[in-house]
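I have placed the structure first, in the form of structure tokens, so that the comments after it can refer back to it.
Chains as they are written, first to last, in my numbering: chain A, 1 to 295; chain B, 1001 to 1264.
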């Protein structure tokens, strides 16, 4: 693996780290497995790309994308809480619907962002070399967002959110409307995923309707890698572990793609299979370990 | 304090399995009433409590607390007036949050939760002082996760959390039934002390007739969704376990008599 490829992988790890924090928020904190993210990532990309091509400031376009993601998350949460649809199914329904919505937003399956202004311009203007501007921007975004979430989860409202995932019966009896909390939490999560989508699109120079496929699996893999390698004893640790898990995941993928074992090498299209196997093994490992100890 | 007027509640209404769980319940808990509830399985004890808490809405009748009608208020909204302790000691606290975080959550029962700090510095001393009453050494473990505590410790903490902010009505649903006898006794006495100190309006469900007689100033016996027996004050003090058992047997005989009449 070349240094250039390694920098690229770290860059990807940081930007997708934002998505991973969103997945952590639903999957671990709210105990709400949310597949909407496969649709809200390209949604963020689409909204940002359309906004930029209409001459809107790239930073504002990122904000718009976040808002759109938040709304998408709210749809899933409403289907779950008000219409009593199972969370997993509710999120799949929103995800499928978003495919059509995204194509409508872009007016086609993709939009190129060549030669348009992006959020990276402001850094290159102050003299950061172009090949590092992505790394710095994504690192800054990821850290600022992580700190904001950690702060939020220490507030009265944030603590209620943690309790909603942990013991809903208790927090209801303490006067919290768990439906509103789920609405906020799933919205927030998808807002982050859409923000990530917007940044990825600006970095790649295109938004594509298919770019969200496998997002949830990559997110789960990163969460699990992060927890295993860096722990999750405190909220602070858990969120930075999520970002680092994402970086390790992208580095591992880059390494696997560059590996050549006796004439066999992986294709980028093998990625989803590898990731799924990784998640499956991480999920069954604790059970296997327990089984072995008992015997 | 809390008043139920002509409350009817059915399960599986309009089906062959219809159960008339609450049958014309009229109950008024006065301020400071410590009421114990007994009754056989399926008598409607928990249903009555859940109807007060807002888990179920009555099919007919009204519920009001402190003169405010709350019949259609969901559970989370009634938390402003009501505190609960569940039978399962794991249900009353958050295992992955610390003791102080749990107490801070309880301190805002029924209040608005905004972006202020979850656990405030000035509340810590208050928490410590409250935990001191439990005499379990928890005052030095504010930062320990509640998941590390035993069932009894968790139930004691839940009891404290329920009464830290004085509730208009305290609902106890067999809250010592899942504990070992020694711990159960400790929690029961803690409950009694707290209720007396704060003069709390309380409804306590129990399966133990001795407890029902020994604690509180009022006793209700439920049977098939109806209040059969409602004694308070001196009359309750004179009551013995034998009296209650006689009542129970009398009921069963009546049932048998009814059955034999049907079969004859």
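Using N, Cα and C, we set each Cβ at its ideal position, and we do this for glycine too.
Query	Result
Nearest-angstrom beta carbon gap, residue 201 of chain A and residue 105 of chain A [assumed within contact, 8 Å]	Actually they are not in contact, since the Cβ atoms of residue 105 of chain A and residue 201 of chain A sit about 12 Å apart, beyond 8 Å.
Secondary structure, alpha helix (DSSP H): runs of 4+ residues fully inside the region 1073 to 1160 of chain B	1075 to 1078, 1099 to 1107, 1121 to 1134
C-alpha distance - residue 113 of chain A paired with residue 207 of chain A, whole-angstrom precision	8 Å
Any C-beta of chain D under 7 Å from that of residue 1105 of chain B	This model lacks chain D altogether; the protein chains it does include are A and B.
Local conformation of residue 1015 of chain B per DSSP, three classes	coil
Classification of residue 259 of chain A by the beta-carbon crowding that lies within 10 angstroms, buried from 16 upward	exposed
Neighbour-count burial assignment, residue 1129 of chain B, 16 or more Cβ in a 10 Å radius	exposed
Residue 61 of chain A - containing alpha helix (DSSP H), residue span	58 to 81
Candidates A:222, A:194, A:256, A:267: closest to residue 66 of chain A by CA position	A:194
Residue burial classification, residue 1167 of chain B (beta-carbon count within 10 angstroms, cutoff 16)	buried
Proximity test, Cβ basis, 7 Å: residue 76 of chain A and chain B	no
Interfacial residues, the region 1032 to 1043 of chain B to chain A, with Cβ spacing under 7 Å	none
Whole beta strand (DSSP E) elements within the region 195 to 252 of chain A, 3-residue minimum	206 to 208
Candidates B:1029, B:1197, B:1209: closest to residue 1243 of chain B by CA position	B:1209
C-alpha distance - residue 71 of chain A paired with residue 1097 of chain B, whole-angstrom precision	30 Å
Cα-Cα separation, residue 1205 of chain B to residue 1151 of chain B	19 Å
Neighbour flag for residue 68 of chain A against chain B, beta carbons, 7 Å	no
C-alpha gap between residue 158 of chain A and residue 1113 of chain B, whole angstroms	9 Å
Distance cut-off 6 Å: residue 273 of chain A Cβ against heavy atoms of the ligand COA	Among the components of this structure there are no ligands whatsoever, and the ligand COA is therefore not found.
Residue 140 of chain A classed as buried or exposed, judged by whether at least 16 other C-beta atoms fall within 10 angstroms	exposed
For residue 1093 of chain B, the nearest candidate out of B:1196, B:1161, B:1051, B:1012 (CA to CA)	B:1161
Cutoff 8 Å; reference residue 153 of chain A; Cβ partners in own chain excluding five residues on either side	29, 159, 161, 162, 235
Exposure label - residue 2 of chain A; buried when at least 16 CB within 10 Å	exposed
Span separating the alpha-carbon of residue 1064 of chain B from that of residue 1116 of chain B	32 Å
Within chain B, the residues that residue 31 of chain A reaches when beta carbons sit closer than 7 Å	Within 7 Å Cβ-Cβ: nothing; residue 31 of chain A doesn't reach chain B, min ~11 Å.
Cα-Cα separation between residue 1059 of chain B and residue 1216 of chain B, rounded to whole angstroms	30 Å
Beta-carbon contacts of residue 1013 of chain B that lie in its chain and below 8 Å, excluding the five residues immediately before and after	1059
Residues of the region 165 to 185 of chain A whose Cβ lies closer than 8 Å to any Cβ of chain B, in chain order	166, 167, 169, 170, 171, 172, 173, 174, 175, 176, 177, 178
Three-state class that DSSP yields for residue 2 of chain A in the structure shown	coil
Residues, ordered as in the chain, of the region 1143 to 1167 of chain B that lie near chain A by beta-carbon distance below 7 Å	none
Residue 249 of chain A classed as buried or exposed, judged by whether at least 16 other C-beta atoms fall within 10 angstroms	buried
Best match in B:1106, B:1190, B:1044, B:1033 for proximity to residue 1009 of chain B [C-alpha to C-alpha]	B:1044
Cutoff 7 Å: residue 227 of chain A Cβ touching any chain B Cβ	no
Rounded C-alpha distance that separates residue 291 of chain A from residue 167 of chain A	28 Å
Residue 1084 of chain B and residue 1106 of chain B closer than 7 Å at C-beta	no
Inter-residue Cα distance where the pair is residue 1034 of chain B and residue 1190 of chain B	14 Å
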